[in-house]
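Participant: Before anything else, here's the structure in question.
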Amino acid sequence: MLASGFTSAGVTQSLFFGIIASSILISITDTKYLFYIQVVPHLWRYKQLWRLLTWQTCYTNSTELFFATMTIYHVRIIERLWGSRKLASFLLSILPPTLLLPPILTTILRPLSFNAINHLPAGPTPLIFALLAQYHAAIPTVYKYRIATSDAPSASSSGSAREAPGVVFSDKSLVYLLAGQLALSSFPGSALAAGVGWLVGVAWRGSGVLRFGAG
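Going by this note's numbering, the sequence shown opens with residue 671, and the numbers climb by one from there.
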C-alpha cells in the first residue's frame with residue numbers, strides 16, 4: 671500500500687510546518703524586514719551579519735511560501751527512501767554552505783552586475799533545491815506523457831503512423847514546475863539561491879557521503 675501524507679516522513683513534516691509557522695509569525699508581528707538580505711545597506715553599511723544566519727528561517731510572501739511547501743511535500747519521498755536519521759544528517763551537513771554561499775555570491779556579483787544583484791529573498795530555497803537534486807537523482811520516472819501542440823501528420827508512404835509533435839512530460843514534471851516557480855519568484859536573487867542549493871546537493875552526492883551513509 672502506498673503511504674499517504676507525511677507517513678514515515680517526520681523530518682520533512684517538521685520542515686513543512688515549521689516554514690509555514692515561521693512565515694505566518696513574522697507576518698503577524700510585522701517583522702518581515704528583518705529576514706531578507708540587501709547587500710547595501712544591510713551588510714556593507716549596517717554590518718548586520720546576523721542576517722547570514724536567519725535569512726532561511728521563513729518566507730516573506732505567500733507566493734513563495736506556497737511553491738516552497740508544495741515542493742517540500744512532493745520530495746518527502748526522499749525521507750522514505752533514506753530514513754529520517756539520514757535525511758536529518760543531510761540537512762545539517764548542507765546547512766552551512768546553503769546559508770553562507772548565496773549571500774557571499776550576491777556580495778561578489780553586486781558590483782559585477784552594476785548593482786542589479788543586491789537582494790537575496792528570505793526563505794530556505796537553497797535547502798529545498800539541494801533536496802530537489804536528491805529527488806532528481808534518486809527517484810525514477812514512473813511514466814511519461816505527451817501534450818500535442820498540433821494535429822498528427824498523415825501516415826507516411828509506408829503506411830506507418832507518425833506521432834503528433836508535442837511536449838513530453840513525466841510524473842515528476844509537476845515537482846520541477848513548482849520548484850521553477852519558486853526559483854523565479856524573486857528573480858534574480860531567488861534564482862541565485864536555487865542554483866546554489868542545487869549545486870550543493872549535486873556536490874554532496876558526488877562527495878562520497880551518500881555511499882558512506884548507505885545501508
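Beta carbons are placed, not taken as given, at the ideal position from N, Cα and C, and that holds for glycine.
Can you tell me which of the three DSSP states Gln708 falls into?
Facilitator: The answer is strand: DSSP assigns Gln708 an E or B state.
Participant: Can you tell me whether DSSP reads Ser754 as helix, strand or coil?
Facilitator: Ser754 falls in the helix class under three-state DSSP.
Participant: Name the DSSP beta bridge partners of Lys814, please?
Facilitator: DSSP output for Lys814 lists Ser840 as bridge partner(s).
Participant: Does the contact criterion of 3 or more C-beta pairs under 8 Å hold for the stretch 853-870 versus the stretch 782-791?
Facilitator: Flag = yes, the stretch 853-870 and the stretch 782-791 touch.
Participant: If you count every other CB in all the chains shown that lies within 10 Å of the CB of Phe882, and 16 or more means buried, which is it?
Facilitator: At Phe882 the pLDDT is 42, less than 50, meaning the model places this residue with poor confidence and gives no usable figure here.
Participant: Using alpha carbons as the reference points, say which of Pro711, Pro796, Thr811 and Leu695 lies closest to Leu869.
Facilitator: Nearest option by C-alpha distance: Pro796.
Participant: Less than 8 Å between the C-beta atoms of Ile798 and Ala738, yes or no?
Facilitator: It is a contact, given that the beta carbons lie within the stated cut-off.
Participant: In this structure, how does DSSP classify Leu719 when only helix, strand and coil are distinguished?
Facilitator: In the structure shown, Leu719 sits in coil (DSSP, three-state: anything other than H, G, I, E or B).
Participant: As a quick exercise: from Asn731, Glu749, Ile747 and Gln708, pick the residue whose alpha carbon is nearest that of Ser692.
Facilitator: Per the Cα distances, Asn731.
Participant: Using the beta-carbon count (16 or more within 10 Å), is Thr725 buried or exposed?
Facilitator: Thr is not the amino acid found at residue 725; the sequence shown has Trp there. With 16 or more other Cβ atoms within 10 Å, it is buried.
Participant: So which of Gly876, Gly867, Gly850 and Gly871 has the shortest CA-CA distance to Glu734?
Facilitator: Of the listed residues, the one whose Cα sits closest to Glu734 is Gly850.
Participant: Please classify Met671 as buried or exposed, where buried requires at least 16 other C-beta atoms within 10 Å of its C-beta.
Facilitator: Caution applies to Met671, whose pLDDT of 39 falls short of 50 and renders its modelled position unreliable; the value that the coordinates give is listed next. With fewer than 16 Cβ atoms within 10 Å of its Cβ, Met671 is classed as exposed.
Participant: Are at least three pairs of beta-carbons, each pair with one atom in the stretch 839-848 and one in the stretch 752-759, less than 8 Å apart?
Facilitator: Flag = no, the stretch 839-848 and the stretch 752-759 do not touch.
Participant: Given 8 Å as the limit, is there contact between the stretch 736-753 and the stretch 696-708, that is, 3 or more CB pairs closer than that?
Facilitator: Output reads no: the stretch 696-708 does not touch the stretch 736-753.
Participant: Select from Gln708, Arg755 and Ile689 the residue whose C-alpha is nearest the C-alpha of Thr727.
Facilitator: Looking at the Cα atoms, Ile689 is the closest of the given residues.
Participant: Can you give me the C-alpha to C-alpha distance between Lys814 and Val710, rounded to a whole angstrom?
Facilitator: One C-alpha to the other measures close to 46 Å.
Participant: Does DSSP put Glu749 in a helix, a strand or coil?
Facilitator: Reduced to three states, the DSSP call for Glu749 is helix.
Participant: Please determine, among Tyr846, Ser877 and Ile742, the residue with the shortest C-alpha to C-alpha distance to Gly675.
Facilitator: If we check each option's Cα against that of Gly675, Ile742 comes out closest.
Participant: Does Val745 pass the burial test, meaning 16 or more other C-beta atoms within 10 Å, or should it be called exposed?
Facilitator: The residue is buried, with at least 16 neighbouring Cβ atoms inside 10 Å.
Participant: Is it buried or exposed, Arg780, if we count other Cβ atoms within 10 angstroms and call 16 or more buried?
Facilitator: So Arg780 counts as buried.
Participant: Less than 8 Å between the C-beta atoms of Thr768 and Val866, yes or no?
Facilitator: Contact: yes.
Participant: Can you grab the Cα-Cα spacing for the pair His806 / Val812, in whole Å?
Facilitator: Computed Cα separation, rounded: 13 Å.
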